[in-house]
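Residue numbers (the numbering used here): 5 to 425. See below for the structure under consideration.
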Amino acid sequence: MAKQTFAIVDCNSFYSSCERLFRPELREKPVIVLSNNDGCAISVSPEAKALGIKMGGPFFEMKDLIQKHKISVFSSNYTLYGDISSRVMSLLSNFTPELTIYSIDEAFLDFTSLTHFDLNHYAHHIKNYIETYTGIPISIGLGPTKVLSKMANHIVKKNRQIGVFSLIDENIREEILKDFPIEDVWGIGRKSALKLKAHGIRTARDFRDYKNDKIIQAILTKTGRKIQDEIRGISCIELTDMESKKVIASTRSFGTSIYSKSELKEAVASYITQAAEKMRKQNNLCLVLSAYIRTSHFNESFYCGQSSYTFTEATSNTLEMIKAGNEIVEKVFKAGVPYKKAGIFLFDMVPTNQKQLDLLSEKPDTTSNDNLMKLMDKINSRYGKQTIKSGACGTKSYWAMLSDYKSPNYTTSWNELPKVS
DNA sequence: TCTGGGGTCCTAGGACCC
DNA sequence: TCTGGGGTCCTAGGACCC
């Protein structure tokens, strides 16, 4: 096979950068974005990091620091981030025959057919272009495999001003790999790093040169072996098509503990509504719905009630799915328990056009229900999320999550457009 | 008082069959 | 009453990522 070349493009502190886009006075100022429910920091600008804010740290522990240094705080606004992300991705797609979107703020660009270009120069051009037309700063790593390009990107993150780094050149690669900590390799987490260190492997170079493949297979499974080959320059990690999910989840922590069965049913119904809509968008039906309700992990008497429901026929009908959700809550609910979180999962997805009819059931024709779903999706996409929904979702949402610092939907709602004066 | 959410891949081990 | 081995399929749980 021809030698391959990849670039990974990664948006710098993506959520914070999105928030700053419409608040130019916050440029070069410390900014953080909180997780759902304002629980912890999930995006930290370099300025905030320098002040001691830790990625993933709980919000309530950093309140003093935030006040002291006047750090700007935002609740997460996924509508905004999703919209900015699609702008960045669509521009990036102009620079490569093959773009693989890896996450909301990262994409791999296949440069295999472009190796006659000066790729370093090309990557700098892309960086300037994206920054000019979207206002989002990015970093780019280049390498002959995805893992090596991620490692190159890691080098950029340590020295932001360089913007682009390449591990295509073998001499440079040798130089970088010998000091590259094994735990910083993409795909090697804390547990795997400990296991490797027990075998004397401390750097990416140690890992690459470790001769006994069987031991690696035994301690890190097939996944670890692939990472090792990628460091050796053999491209073998294929990213699955992210367009269509195999599992769809919708889970949330509550703003406050809830005790009542009916409120839990409302929460579960809402999560099902959201997941079912996502599933219909990717033209799938599911055969299994599972749901859980649980206390906080920090509660000394942890309880988690979980169960699943198998439909006789694969479905994407929100109303039918809500019934199943109600049954599960009915089954696993215990009185007097302070519930803090609930969630649902949709499994065993099949494409809508491959629906297997259940020969045993003599169900009435479901066409009218399918049409109802189509109509609901249409209305909600035109007039905004949850314009219409099942009454089972409730109207008061006592359990709704906290979101005290949310910015407007600048780019997706006419009522919230930024004002220029 | 207050600690996120949504994914993927892989394997060991149980259940079941012949 | 005791005693097998091989194969498949499924599931729970671990590990990792952003």
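Positions of the beta carbon are idealized from the N, C-alpha and C atoms, including for glycine. Predicted, not measured: the structure shown is a model, and the values here were computed from it.
ASP352: member of the beta strand (DSSP E) spanning 343-355, first to last residue.
Inclusion of LYS131 and ILE144 in the CB contact set at 7 Å is warranted, their separation being smaller than that value.
In the three-state DSSP reduction, THR416 falls in the coil class, being neither helix nor strand. Judged by pairs of C-beta atoms under 8 Å, the segment 254-274 does not touch the segment 304-319, as fewer than three such pairs exist. Relative to VAL151, the option among ILE88, LEU118 and LEU243 whose CA is nearest is LEU243. With 16 or more other Cβ atoms from the protein chains shown falling within 10 Å of its own Cβ, ILE142 counts as buried.
Of all C-beta pairs linking the segment 105-114 to the segment 67-78, fewer than three are shorter than 8 Å, placing the two stretches out of contact. Of all alpha-carbon atoms in LYS344, ILE326, CYS15 and ASP213, the one lying nearest the alpha-carbon of ILE186 is that of ASP213. With a cut-off of 8 Å on Cβ pairs, the segment 52-60 is not in contact with the segment 161-173, counting fewer than three such pairs. Three or more Cβ pairs closer than 8 Å define a contact, and the segment 250-263 meets that threshold against the segment 335-351. Closest option to CYS15, judged by alpha-carbon separation, among SER76, GLU331, LEU96 and PRO28: LEU96. When DSSP assignments are scanned along the segment 177-225, the uninterrupted stretches of alpha helix (DSSP H) that are 4 or more residues long and fall wholly within it turn out to be 194-202 and 208-213. For SER20, no pairing in a beta bridge is given by DSSP.
TYR307 sits in coil when the DSSP states are folded into three classes, being neither helix nor strand. With a cutoff of 7 Å on beta-carbon distance, ILE252 and ALA295 are scored as not near each other.
Judged by DSSP in its simplified three-state form, SER254 adopts strand.
With contacts defined by Cβ atoms closer than 7 Å, LYS265 and PHE337 form a contacting pair.
THR119 has its alpha-carbon roughly 43 Å from the corresponding atom of CYS290. In the three-state DSSP reduction, ASN288 falls in the strand class (E or B). In the three-state reduction of the DSSP assignment, THR260 falls in the strand class, which pools E and B. Check the Cα spacing between ARG386 and each of TRP418, CYS44 and SER89: the tightest is with TRP418. Exposed is the label assigned to GLN390, since fewer than 16 other Cβ atoms lie within 10 Å of its Cβ. When LEU25, LEU30, GLY43 and VAL48 are compared, the shortest CA-CA separation from ILE36 is found for VAL48. CA-to-CA, the gap between CYS308 and GLU331 works out to about 16 Å.
When rounded, the separation of the alpha-carbon atoms in THR227 and PRO101 is 27 Å. Per DSSP, the unbroken beta strand (DSSP E) holding SER79 starts and ends at 76-79. Inter-residue distance for SER76 and GLU420 is about 20 Å (C-alpha atoms, whole angstroms). Sequence-distant Cβ neighbours of THR104 in its own chain, meaning closer than 6 Å and more than five residues away, are PHE112 and LEU243.
Residue state for TYR133 is assigned as helix, using DSSP reduced to three classes. Across the set CYS44, LEU406 and TYR126, the C-alpha of CYS44 shows the shortest separation from the C-alpha of PHE63. The straight-line gap separating the alpha-carbon atoms of PRO50 and LEU379 is approximately 45 Å.
In the DSSP assignment, THR119 is bridged to no other residue. Residue environment for LYS182: exposed (fewer than 16 other C-beta atoms within 10 angstroms of its C-beta). Beta-carbon to beta-carbon, SER320 and MET377 are separated by about 7 Å, close enough to satisfy the 8 Å threshold. Judged by DSSP secondary structure, GLY145 falls within the beta strand (DSSP E) whose first and last residues are 142-147. Exposure of GLU334 is indicated by the presence of fewer than 16 other C-beta atoms within 10 angstroms of its C-beta.
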